[in-house]
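*Asks:* Quick note on the working numbering: the sequence shown kicks off at 16 and runs consecutively.
Cβ atoms here follow ideal geometry from the backbone N, Cα and C, with glycine treated the same way.
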Amino acid sequence: MSAKDTLKEFGKKITPAYITKLAVLTGIAFILYMFAKFSLPFMFPSFLDMQFSELPAILAGFSLGPVAGVLVIILKCLLKFPFTSTAFVGEITDMVLGILYVLPASILYYRKKTRKNAVIGLIAGTALSTLGAIVLNRFVSVPFYVEFFFHGNFEVIVNICKPLYHAVTKQNFYFYYLLAAVLPFNILRLTLVSFITFLTYKSLSKALHWEIKPRKVQEV
16 MSAKDTLKEF GKKITPAYIT KLAVLTGIAF ILYMFAKFSL PFMFPSFLDM QFSELPAILA
76 GFSLGPVAGV LVIILKCLLK FPFTSTAFVG EITDMVLGIL YVLPASILYY RKKTRKNAVI
136 GLIAGTALST LGAIVLNRFV SVPFYVEFFF HGNFEVIVNI CKPLYHAVTK QNFYFYYLLA
196 AVLPFNILRL TLVSFITFLT YKSLSKALHW EIKPRKVQEV
């Protein structure tokens with residue numbers, strides 16, 4: 016199928032019902048992203064927020080297609096831009112990681128809608144997003160925060176992590192932070208999102224596949 020045919024097929028899906036469902040799921044994702052979050056300071060550094068805003072996006076991806084899932088991720092992050100406390104870096108990072116989770120899961124499931132494909136897709140998305148989190152934290156997020164918020168003083172972020180990782184130093188920080196925090200944190204968070212998706216998708220499927228039925232015109 017050519018790119019033109021693909022765009023034409025996608026255009027046919029843009030119905031009032033599609034837009035309505037996309038808007039509702041984006042709104043729910045934004046609310047979860049902004050307000051429904053908490054930290055686990057006894058397990059991970061307090062600045063890592065446990066939140067499940069990918070859930071509406073993965074539901075959109077499974078029911079409306081991969082493009083819808085990605086759009087929910089992008090839109091909920093853009094909506095948070097005016098309220099950023101991270102100079103947009105946190106939101107952009109979350110956008111990339113959300114896409115890395117939702118896109119492979121949605122593609123695998125949407126091609127063949129079976130429980131097996133759903134599980135494989137969710138596992139693949141979790142693995143890819145977790146790997147992305149390690150890379151982005153190592154080369155983008157942490158270096159930016161240290162320079163922008165702590166004026167290059169790496170000891171500040173080291174001291175934040177010391178209550179959990181007593182042996183952490185500037186020299187071994189990334190070893191502790193990436194392997195003891197970022198890796199298990201993202202696996203735990205996305206596994207919970209995947210588990211909730213697997214449990215709820217079937218019961219929500221009817222609502223997610225709702226369409227506006229055209230009215231029958233009665234002849235006079």
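Taking the alpha-carbon positions, what's the Gln179 to Phe59 distance?
*Replies:* Stepping through the sequence shown from its first residue, residue 179 is reached at position 164. Stepping through the sequence shown from its first residue, residue 59 is reached at position 44. Sequence check: residue 179 is Leu here, not Gln. Roughly 7 Å separates the two Cα atoms.
*Asks:* For Phe67 and Ile211, which I take to be in contact (beta-carbon distance under 8 Å), what is that distance rounded to the nearest angstrom?
*Replies:* If you number the sequence shown from 1, residue 67 lands on position 52. If you number the sequence shown from 1, residue 211 lands on position 196. Confirmed, about 7 Å.
*Asks:* Exposed or buried, which one is Phe45 when buried takes at least 16 other CB atoms within 10 Å?
*Replies:* One-based indexing of the sequence shown puts residue 45 at position 30. Counting Cβ neighbours within 10 Å, Phe45 comes out buried, since at least 16 surround it.
*Asks:* What would DSSP say about Val235, mapped onto helix, strand or coil?
*Replies:* As a first step, residue 235 must be located in the sequence shown, where it is residue number 220. Only weak support exists for where Val235 lies, its pLDDT of 47 falling under 50; the coordinates are left without a value.
*Asks:* Would you be able to state if there are at least three C-beta pairs under 8 Å between the stretch 122-142 and the stretch 65-80?
*Replies:* In short, these stretches touch, since the Cβ pair count reaches three.
*Asks:* Suppose you measure from the CA of His224 to the CA of Val104; what does that come to, to the nearest Å?
*Replies:* Counted from its first residue, the sequence shown places residue 224 at position 209. Counted from its first residue, the sequence shown places residue 104 at position 89. So the two alpha carbons sit approximately 35 Å from each other.
*Asks:* Let's test the definition: count the other Cβ atoms within 10 Å of the Cβ of Pro81 and tell me whether it reaches 16, buried, or not, exposed.
*Replies:* For the purposes of this step, residue 81 is taken as residue 66 along the sequence shown, with counting starting at 1. Buried: at least 16 other Cβ atoms inside 10 Å.
*Asks:* Let me check understanding here. Comparing Cα to Cα, which of His181, Glu106, Ala142, Arg153 lies closest to Ile88?
*Replies:* Position 73 of the sequence shown, counted from the first residue, corresponds to residue 88. Ranking the options by Cα distance to Ile88, first place goes to Glu106.
*Asks:* Mind checking which residues open and close the beta strand (DSSP E) that includes Lys52?
*Replies:* Within the sequence shown, numbered from 1, the residue matching residue 52 stands at position 37. Run containing Lys52: 52-54, per the beta strand (DSSP E) assignment.
*Asks:* State the beta-bridge partners of Asp64 as determined by DSSP.
*Replies:* In the sequence shown, counting from the first residue as 1, residue 64 sits at position 49. For Asp64, which the question treats as bridged, DSSP gives the partners Ser54.
*Asks:* Would you mind sorting Val235 into buried or exposed? The rule is 16 or more other CB atoms within 10 Å of its CB.
*Replies:* Start at 1 with the first residue of the sequence shown, and residue 235 comes out as number 220. Annotation note: pLDDT 47 at Val235 (below 50); position unreliable, coordinate value reported separately. Exposed.
*Asks:* For Ser218, count neighbouring C-beta atoms within 10 Å of its own C-beta (all shown protein chains included) and say buried if the count is 16 or more, exposed if not.
*Replies:* To locate residue 218, count along the sequence shown from 1; it is residue 203. Ser218 should be labelled exposed.
*Asks:* Just to confirm my understanding: we take Lys28, look at its own chain, exclude 5 residues before and 5 after, and list those with CB closer than 6 Å. What are they?
*Replies:* Indexing the sequence shown from 1 puts residue 28 at position 13. Closer than 6 Å at the Cβ level, and outside the excluded window around Lys28, lies no residue.
*Asks:* Does the stretch 185-198 touch the stretch 37-52, meaning 3 or more C-beta pairs lie closer than 8 Å?
*Replies:* No contact exists between the stretch 37-52 and the stretch 185-198.
*Asks:* Starting from Lys12, follow the alpha helix (DSSP H) in both directions and report where the run begins and ends.
*Replies:* The chain is shown only over 16 to 235; residue 12 falls outside these bounds and no answer can be derived.
*Asks:* Please report the distance separating the alpha-carbon of His181 from that of Tyr192.
*Replies:* Within the sequence shown, residue 181 is the residue found at index 166, counting from 1. Within the sequence shown, residue 192 is the residue found at index 177, counting from 1. Distance between the alpha carbons of His181 and Tyr192 is about 12 Å.
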